[in-house]
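Engineer: Below is one structure. I have some questions about it.
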Amino acid sequence: MKEVQIQNAIQKAREGDEKTFNLVFKELYTVCKVQLSAYAGSEEQAREAFSEAMYKFWQKFVVEKSELPKTNIKGYIFTMAKYYLIDEQRKKNKHKMVSDEGLSNSEITYMKTEEDFWREQEVEDNYLEALKRAIPKLSSKCKALFHLILAKGLEKPKDLWRPLGYNNARTLSTVKSNCVQKLKIETVIELEQLTNKQQHA
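Everything in the sequence shown is counted per the numbering used here, starting at 612 for the first residue and increasing by one.
Okay, structure coming up:
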C-alpha cells in the first residue's frame with residue numbers, strides 16, 4: 612500500500628468520507644497482521660492493539676486534524692500498536708519491582724509507556740524537519756551524495772562512487788565522512804532554531 616493512498620484516505624475522512632478510510636486501514640491491518648501477531652503473541656491481541664492504535668490515530672489526525680507525522684504512516688501506526696502492547700504488559704507487571712540497572716536496551720524499551728512514544732515522535736519529527744532543511748545548505752557534492760542515498764537507498768561507498776563519478780570507493784569514503792560531519796552541524800543549527808521557534812510560539 613502506497614503512502615499517498617493512506618494520506619488521501621485521511622483527507623477524505625476529514626471531509627466526512629469514513630468508508631474510504633475504513634477500507635484503507637482494513638487493508639493496512641492485513642499488511643501488518645503477521646508481524647504484529649508475532650510481536651503480540653496472538654492474532655487476537657494484535658487486532659486489539661491495532662484497533663486501539665487506529666482509534667487514537669483517528670482522534671489525533673482526523674477529529675483533531677493535527678498535522679500528519681512526517682515519518683512513514685504505516686510504520687507510525689505499527690509503532691503505536693506496539694506501544695499499546697508494551698503498556699498493557701507494563702500494567703500487568705505493575706506490582707513487580709524492577710530496576711533499570713542491568714536491563715538490556717530491548718528490555719528498557721519494553722518498559723516505556725505510550726507517553727514516551729508521543730514525546731519521542733515529536734523529537735523525531737523535529738529532527739527529520741531539521742535534516743530536510745540542512746541538506747540544501749551543503750555543498751553541491753554533499754547534496755548530490757545525500758540525494759543519491761535518499762533516492763536510491765544506497766549507503767556504502769562501494770555502491771556510490773561510480774554513480775557520483777569518483778575514482779574509487781576510498782575517495783568517496785573520505786568525502787562522505789566530511790559531508791556527514793557538515794550535515795550534523797547544519798542539522799543541529801536547524802534543530803535549535805526549530806525548537807526555539809516552537810517554545811516561543
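Ideal placement from N, C-alpha and C gives every residue a C-beta, glycine not left out.
For GLU800, tell me which candidate among LYS763, LYS667, GLU740 has the shortest Cα-Cα distance.
Structural biologist: The sequence given here places Ile at residue 800; Glu does not occur at that position. Taking only the C-alpha atoms, the option nearest ILE800 is GLU740.
Engineer: Whole angstroms is fine: what's the gap from GLN622's alpha carbon to PHE668's?
Structural biologist: About 13 Å.
Engineer: Around the C-beta of TYR666, are 16 or more other C-beta atoms found within 10 angstroms, so that it is buried, or is it exposed?
Structural biologist: Exposed: under 16 other Cβ atoms inside 10 Å.
Engineer: Is the separation between the beta-carbon of LEU794 and that of ALA745 shorter than 8 Å?
Structural biologist: Yes, the pair counts as a contact, with Cβ atoms nearer than the cut-off.
Engineer: Just to confirm my understanding: we take ALA657, look at its own chain, exclude 5 residues before and 5 after, and list those with CB closer than 7 Å. What are they?
Structural biologist: Answer for ALA657: LYS644, LEU647, SER648, ALA651, listed in chain order.
Engineer: Does THR798 pass the burial test, meaning 16 or more other C-beta atoms within 10 Å, or should it be called exposed?
Structural biologist: Under this definition THR798 is a buried residue.
Engineer: Between SER677 and VAL791, what straight-line distance do the alpha-carbon atoms span, to the nearest angstrom?
Structural biologist: C-alpha separation (whole angstroms): 32 Å.
Engineer: Would LYS787 and PRO774 qualify as a contact pair, given that the criterion is a beta-carbon distance under 8 Å?
Structural biologist: Against a cut-off of 8 Å, the Cβ pair of PRO774 and LYS787 comes out as no contact.
Engineer: With C-beta atoms as the reference, is GLU663 less than 8 Å away from TYR695?
Structural biologist: Yes.
Engineer: Could you check where the alpha helix (DSSP H) with ILE760 kicks off and where it finishes?
Structural biologist: 751–763 is the span of the alpha helix (DSSP H), which, as asked, contains ILE760.
Engineer: Between the C-alpha atoms of LEU805 and ASN737, what's the straight-line distance to the nearest angstrom?
Structural biologist: Rounded to whole angstroms, LEU805 to ASN737 spans 7 Å at the Cα level.
Engineer: Using the C-alpha atoms, what's the distance from GLU654 back to GLU699?
Structural biologist: When rounded, the distance between both Cα atoms is 16 Å.
Engineer: Could you give the DSSP three-state label for VAL709: helix, strand or coil?
Structural biologist: For VAL709, the predicted structure reports a pLDDT of 44, less than 50, and the residue's modelled location is therefore unreliable. A value from the coordinates is still provided. In the structure shown, VAL709 sits in coil (DSSP, three-state: anything other than H, G, I, E or B).
Engineer: Using a Cβ-based criterion (distance less than 7 Å to any ligand heavy atom), does GLU675 qualify as near the ligand FAD?
Structural biologist: The ligand FAD is not part of this structure, which contains no ligands at all.
Engineer: Roughly how many angstroms separate the alpha carbons of LEU783 and LYS763, rounded to a whole number?
Structural biologist: LEU783 and LYS763: Cα-Cα distance of roughly 17 Å.
Engineer: Measuring straight from C-alpha to C-alpha, what distance separates ILE684 and ASN807?
Structural biologist: Going from the Cα of ILE684 to the Cα of ASN807 covers about 27 Å.
Engineer: Can you look up TYR777 in the DSSP assignment and give me helix, strand or coil?
Structural biologist: DSSP places TYR777 in coil when its eight states are reduced to three.
Engineer: Counting C-beta neighbours from all protein chains within 10 Å, is the total for LYS693 16 or more, i.e. buried, or is it exposed?
Structural biologist: LYS693 should be labelled buried.
Engineer: Please state whether DSSP places GLU629 in a helix, a strand or coil.
Structural biologist: Note: GLU629 maps to helix in three-state DSSP.
Engineer: Classify ILE796 as buried or exposed, calling it buried when 16 or more other Cβ atoms lie within 10 Å of its own Cβ.
Structural biologist: It counts as exposed.
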